[in-house]
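In the order they appear, the protein sequences are chains F and Z. Under the UniProt record's numbering, residues 1 to 427 are what the first sequence spells out, in order. Under the UniProt record's numbering, residues 1 to 586 are what the second sequence spells out, in order. Okay, structure first, notes after.
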Amino acid sequence: MSAARLFGFGCLLALLAVCAACSHDRDEAAPSTVKLGERMSPGPWGQISRGRYLVRAGDCAACHTAEGGAPFAGDRAIPTPFGTIYSSNITPDPDTGIGRWTDEDFYRAMHEGIDREGDHLYPAFPYPWYTRLSRDDVLAIKAYLDTLTPVRQAHRPDELPWPLDQRGVMAVWNGMYFDAGTFQPDPKRSPQWNRGAYLVKGLGHCGACHSDKNFAGATDKDDPLTGGFAENAFAPSLAGGTRDGLGSWPEQDIVQYLGTGRNGRTSAAGPMAEVVEDSTQYLSKPDLQAIAVYLKSLPARKDSAVASVDKDTLDRGAALYVDNCEGCHLKQGQGEPGAFPPLRQSSAVQAKSADTLINVILNGSRIPRTAAEPTGLAMQGFADHLDDAQIADLTTYIRNAWGNRGEAVDAGHVEDLRKSLRQSPGG
Amino acid sequence: MARRLPPVDVVLVGFGWTASIIAQELTDAGVQVLALERGAWRDTVPDFATDHIQDELRYAVRKQIFESPERETMTFRNNTSQTALPMRHLGSFLPAAGVGGAGVHWNGQCWRFLPQDFVIRTHTEQRYGKGFIPADMNLQDWGVTYEELEPHYDRFEYLCGVSGQAGNVGGQLVAGGNPFEGARARGYPLPPLERCASTVLFDKAAREVGFKPFPCPAANASRPYRNPLGVQMGQCTYCGYCEWFGCGNYSKASPQTTILPVLLKKDNFRFKTHCAVTRVNTDNTGKRATGVTYVDVDGNEWEQPAQMVVLCAFAHHNVHLLLVSKIGQPYDPVSNTGVVGRNYAYQITSSVDVFQKERLNPFMGAGALGQAVDEFNGDNFDHGPQGFVGGGYIALWNTGGRPILQHYLPEKAPKWGAGWKKAMHENYLTACSIATHGSVMSYRSSYLDLDPTWRDAYGNPLLRLTFDFQPNELKMSGFLTDKAAQIGRAIPGATVHEKKRGGPYSIVPYQTTHNTGGAVMGNDPKTSVVNRYLQSWDVPNLWVMGSSVFPQNAGYNPTGTVGALTYWSAAAMKRYLKNPGPLVTT
Chain F
1 MSAARLFGFG
11 CLLALLAVCA
21 ACSHDRDEAA
31 PSTVKLGERM
41 SPGPWGQISR
51 GRYLVRAGDC
61 AACHTAEGGA
71 PFAGDRAIPT
81 PFGTIYSSNI
91 TPDPDTGIGR
101 WTDEDFYRAM
111 HEGIDREGDH
121 LYPAFPYPWY
131 TRLSRDDVLA
141 IKAYLDTLTP
151 VRQAHRPDEL
161 PWPLDQRGVM
171 AVWNGMYFDA
181 GTFQPDPKRS
191 PQWNRGAYLV
201 KGLGHCGACH
211 SDKNFAGATD
221 KDDPLTGGFA
231 ENAFAPSLAG
241 GTRDGLGSWP
251 EQDIVQYLGT
261 GRNGRTSAAG
271 PMAEVVEDST
281 QYLSKPDLQA
291 IAVYLKSLPA
301 RKDSAVASVD
311 KDTLDRGAAL
321 YVDNCEGCHL
331 KQGQGEPGAF
341 PPLRQSSAVQ
351 AKSADTLINV
361 ILNGSRIPRT
371 AAEPTGLAMQ
381 GFADHLDDAQ
391 IADLTTYIRN
401 AWGNRGEAVD
411 AGHVEDLRKS
421 LRQSPGG
Chain Z
1 MARRLPPVDV
11 VLVGFGWTAS
21 IIAQELTDAG
31 VQVLALERGA
41 WRDTVPDFAT
51 DHIQDELRYA
61 VRKQIFESPE
71 RETMTFRNNT
81 SQTALPMRHL
91 GSFLPAAGVG
101 GAGVHWNGQC
111 WRFLPQDFVI
121 RTHTEQRYGK
131 GFIPADMNLQ
141 DWGVTYEELE
151 PHYDRFEYLC
161 GVSGQAGNVG
171 GQLVAGGNPF
181 EGARARGYPL
191 PPLERCASTV
201 LFDKAAREVG
211 FKPFPCPAAN
221 ASRPYRNPLG
231 VQMGQCTYCG
241 YCEWFGCGNY
251 SKASPQTTIL
261 PVLLKKDNFR
271 FKTHCAVTRV
281 NTDNTGKRAT
291 GVTYVDVDGN
301 EWEQPAQMVV
311 LCAFAHHNVH
321 LLLVSKIGQP
331 YDPVSNTGVV
341 GRNYAYQITS
351 SVDVFQKERL
361 NPFMGAGALG
371 QAVDEFNGDN
381 FDHGPQGFVG
391 GGYIALWNTG
401 GRPILQHYLP
411 EKAPKWGAGW
421 KKAMHENYLT
431 ACSIATHGSV
441 MSYRSSYLDL
451 DPTWRDAYGN
461 PLLRLTFDFQ
471 PNELKMSGFL
481 TDKAAQIGRA
491 IPGATVHEKK
501 RGGPYSIVPY
511 QTTHNTGGAV
521 MGNDPKTSVV
531 NRYLQSWDVP
541 NLWVMGSSVF
551 PQNAGYNPTG
561 TVGALTYWSA
571 AAMKRYLKNP
581 GPLVTT
């Protein structure tokens, strides 16, 4: 499996930017009138178990546990467009972990992206989202991490080119793209909506994949969740488009998807399969419900126009579909409810970018194994079976069959993806 | 010297169907279970993925997923006057190696035995008199009844998502099902598979002759399915690559598609692959198993202590392990005493090829896609005038139309060249074949013991099989084949080619992998290795699963009964765990 969350951060151009302004901290703003966080009993036990829940909600293990490594001991390679970063050890080892960190040190890292030594962290660590966490929640996370077995695992130097290896660069980046500040509930909205927004925009850091990023790897501060690239895949829009967003999904489908990795419309693939397995399946029903309510409130966008696809391509794609896909996804792309995901009317299939679909065809995919749904139904990859032109035709066909609409894919793009998949560490 | 490992509660020898069920049940009961598998780990993707599994040359001809005779094989002879020689290639039957065992490569033909099958001695004596049973036939009751097994058959069928049409629910006959089957508590979990053209022909012809055909029970999911463990299966695509292949579509029931997704998540379950168990160890009293010894892939020998040992390997291997471990008295055919190796049985098959004009598209098949008649199975008919014991079903299976091994040509067609091609061209799409699948009883002369000459890769003597078809079985099979031909001839415009099975038994051409006996169950320790709960009479913390416990073989494929017996035994094991000791006292 390729490594976890996102993305990048500063680049040379960012360096040229003049602004070195500091981030604005809005912590001092009016106190919240909506109760946030899990309603657990006070006291250390309650705090620790709440921390454990939050660590799962934030999917910390995804980056901070290397494949086959000790939990939370870091050393997982995180590929970014700018180079490889290695995650840090967050077990309470005094020398190589966070054993010497005070609550204040930890809060500053989560809230401002600055470590105990005062150095800037790279936003591969999603502090632009974690900054929104309540102090209580951050300290609960710390309380849980403090209970882990300390593991000695030194931080491996990141592999970044100059000048990105200079952490001071991040001050510039932060000045341009980052505002520290705890989540501010919207009093006009329901507590449920606010809870959902808090989880999505905070710990869930959904926008890290599902929002578009600029050349510097930064997400729009509004975090529109209209889809974005992540690890050779395209994380589809979570906004209200009916074709490629969640517009036609009832809340219940979102809850089922996040809780079990599948629903009658689709199943989780690629990086999202890991997210469900390691994180969202552990969220409580009320929290999943709250996330669904928030996502359903995102503004609908008009579906973008799609150029029509020529008939020859569709004919070639249709033949490939019959030979390779129809056995499980069936003739009308309807899939098998309760087993294999439909492709018809799938928002992932019709997404702005076909990268997720191409990735699944090349590499295969496994539906996450969750407590509620233990079967990791898997599809094999077709990288050795179909060439770039065939995969392009097939992808174009699936994106335009049975009422689906999506931009055509060309063979050159498949070739690029095939190359980058081969190069990605652990890919 | 074997290095000693930390003890476990229960060690399972093998990791196929029976081991998976036992592991699932006993881990639920809270004990720690370790399965030792001699073969490799395998899963639907990547091992059986649809981009490569439909490769007949690799899997069917070159036998990719079976045991390899260069490590373990057996010697064979037809009778004691011959010298047994080792099998250097697999032939008449195909034991598996690897996780999932033969549950990976079976067809999914998932039957229940008839109620009389379990009490065949009592029933036969009552209906036909003692004298009806040949003197050298070791016919015996199972010690368990159909009624006792019914809930366990039910569990296995719902685990597997069996597609079928019930014929008898709670004593009420249901139209379209098998009117001869024992009463079942409820119908099958899934409706029957779609019919194909050849089974429609068979159905019509069989009705014309006066029989009551029904869809064969299939552990090939006719619909997407979620079993009681919450495991999901996909709908069968009728690709025609079941037998000797793994299923790439999650449609054929196997440990991988029904149990492992749940079992492998449990903290109290572990398995190791490439570990060949070579001994069951006992303490100095010989009455208690202390664990097993196994050899890993590097040739290192390990001792795995355990509180309880369950033999879950293929039928022959269970018997072999008992013999090399010197547990139980080996069978002596001369005096007809001793039990280990006694009552080996097989099955007897034949076919009737049908050549007709209607296009059948045989390539659209499934391992258990078939239509059968059961008029001549078990004791569903009067054996008095026939003078033989046993019977079998007659079925038209359309398991597939694979190009190399699955085609039927007229008797006179050339075996090669342009003439062969012409015959193939003319018949591939229109020919079909009706199969008979008959019981084999147990005889004094059919048994398993250790070969005096040949040894396996681990230095153990090879298992020796002494077996031949007896007049009773040849007569029965001939009778069944004639009935099959009668159905074949009722197909419009049909020419039939009756392919009766003759003796002596040859172990070379493939027939069926349904080997039974050698460690049989029963109520008398003088004629059985395990009691009615599959617990060893001699070593109460040792249990034997699988078809090696069948006292003789019935006229059906064995897996359904193997599954039911495993659940039945698992329920007994749970009682045993609370109060270890013999569950049946003698």
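Note that beta-carbon positions come from the ideal geometry of N, C-alpha and C, so glycine has one too. Only a predicted model underlies this, so the values are computations on that prediction, with no experimental measurement involved.
{"query": "is_contact[F/Glu-336, chain Z] using C-beta, thresh 8 Å", "result": "yes"}
{"query": "Boundaries (first-last residue) of the alpha helix (DSSP H) holding F/Met-170", "result": "169-177"}
{"query": "Proximity below 8 Å, CB of Z/Pro-461 to CB of Z/Val-324", "result": "yes"}
{"query": "Range covered by the alpha helix (DSSP H) that runs through Z/Lys-483", "result": "471-489"}
{"query": "Proximity of Z/Gln-373 and Z/Pro-213 at Cβ, strictly below 8 Å", "result": "Just to set this straight, residue 373 of chain Z is Val in the shown sequence, not Gln. Yes; because the gap between Cβ atoms is below 8 Å, this pair is in contact."}
{"query": "Status (buried if at least 16 other CB within 10 Å, exposed otherwise) for F/Pro-157", "result": "exposed"}
{"query": "Pairwise C-alpha distance: F/Leu-295 and F/Leu-36", "result": "Below a pLDDT of 50, predicted positions are generally treated as unreliable, and F/Leu-36, at 45, falls in that range; no measurement from the model is reported."}
{"query": "Alpha carbon of Z/Cys-160 to alpha carbon of Z/Arg-42, nearest angstrom", "result": "18 Å"}
{"query": "Residue interval of the beta strand (DSSP E) (run including F/Arg-366)", "result": "364-366"}
{"query": "Spatial distance of residue 436 of chain F from F/Lys-213 (CA atoms)", "result": "Outside the shown range of chain F (1 to 427) lies residue 436 of chain F, about which nothing can therefore be said."}
{"query": "Residue from Z/Ala-253, Z/Asp-9, Z/Val-209, Z/Ala-197 with nearest C-alpha to Z/Pro-217", "result": "Z/Ala-253"}
{"query": "Pick from Z/Thr-75, Z/Gln-64, Z/Glu-181, Z/Ala-2 that is closest to Z/Arg-455, judged by C-alpha positions", "result": "Z/Thr-75"}
{"query": "Neighbour flag for Z/Met-364 against chain F, beta carbons, 8 Å", "result": "no"}
{"query": "Under 8 Å between C-beta atoms of Z/Gly-384 and Z/Tyr-158", "result": "no"}
{"query": "Own chain, CB closer than 6 Å to Z/Ala-413, minus 5 neighbours either side, in chain order", "result": "Ala-423"}
{"query": "Neighbour flag for residue 428 of chain F against chain Z, beta carbons, 8 Å", "result": "Given a span of 1 to 427 for chain F in the structure shown, any question on residue 428 of chain F remains unanswerable."}
{"query": "Terminal residues of the beta strand (DSSP E) in which Z/Trp-543 lies", "result": "542-544"}
{"query": "C-alpha distance - residue 429 of chain F paired with Z/Glu-243, whole-angstrom precision", "result": "Residue 429 of chain F lies beyond the stretch modelled for chain F, which goes from 1 to 427, so this question has no answer here."}
{"query": "Beta-carbon proximity check, Z/Leu-149 vs Z/Ala-564, cutoff 8 Å", "result": "yes"}
{"query": "The region 392-404 of chain Z / the region 307-318 of chain Z touching (three or more Cβ pairs under 8 Å)", "result": "no"}
{"query": "Pick from Z/His-89, Z/Gln-304, Z/Leu-260, Z/Val-174 that is closest to Z/Ala-19, judged by C-alpha positions", "result": "Z/Leu-260"}
{"query": "Distance, F/Gln-345 Cα to F/Val-306 Cα", "result": "15 Å"}
{"query": "Proximity test, Cβ basis, 8 Å: F/Phe-183 and chain A", "result": "No chain A appears in this structure, whose protein chains are F and Z."}
{"query": "Beta-carbon spacing of Z/Asn-249, F/Gly-327 below 8 Å", "result": "yes"}
{"query": "Rounded straight-line distance, which links the Cα of F/Leu-145 to that of F/Arg-52", "result": "8 Å"}
{"query": "Cβ pair count under 8 Å reaching 3, the region 478-495 of chain Z against the region 432-439 of chain Z", "result": "yes"}
{"query": "Counted within 10 angstroms of its Cβ, other Cβ atoms place F/Ile-90 as buried (16 or more) or exposed", "result": "buried"}
{"query": "Unbroken beta strand (DSSP E) run spanning Z/Val-8, endpoints", "result": "8-13"}
{"query": "Bridge partner(s) assigned by DSSP for Z/Ser-351", "result": "Z/Ala-435, Z/Lys-499"}
{"query": "Proximal residues to F/Pro-92 (C-beta, below 7 Å), its chain only, five neighbours per side dropped", "result": "Ile-98, Gly-99, Leu-145, Asp-146, Leu-148, Pro-150"}
{"query": "Residues near Z/Asn-168 by beta carbon distance below 6 Å, same chain, minus five either side", "result": "Glu-181, Ala-183"}
{"query": "Residues of its chain near Z/Tyr-188, where Cβ-Cβ distance is below 8 Å and the 5 sequence neighbours each way are ignored", "result": "Glu-157, Val-162, Ser-163, Gly-164, Gln-165, Ala-166, Pro-217"}
{"query": "Closer than 8 Å to chain Z by CB, F/Arg-52", "result": "no"}
{"query": "Whole-angstrom C-beta distance between F/Arg-56 and F/Tyr-282, which should lie under 8 Å", "result": "4 Å"}
{"query": "Assigned exposure category for Z/Phe-245 - 16 Cβ within 10 Å defines buried", "result": "buried"}
{"query": "Nearest-angstrom Cα separation, counted from Z/Leu-480 out to Z/Ser-198", "result": "20 Å"}
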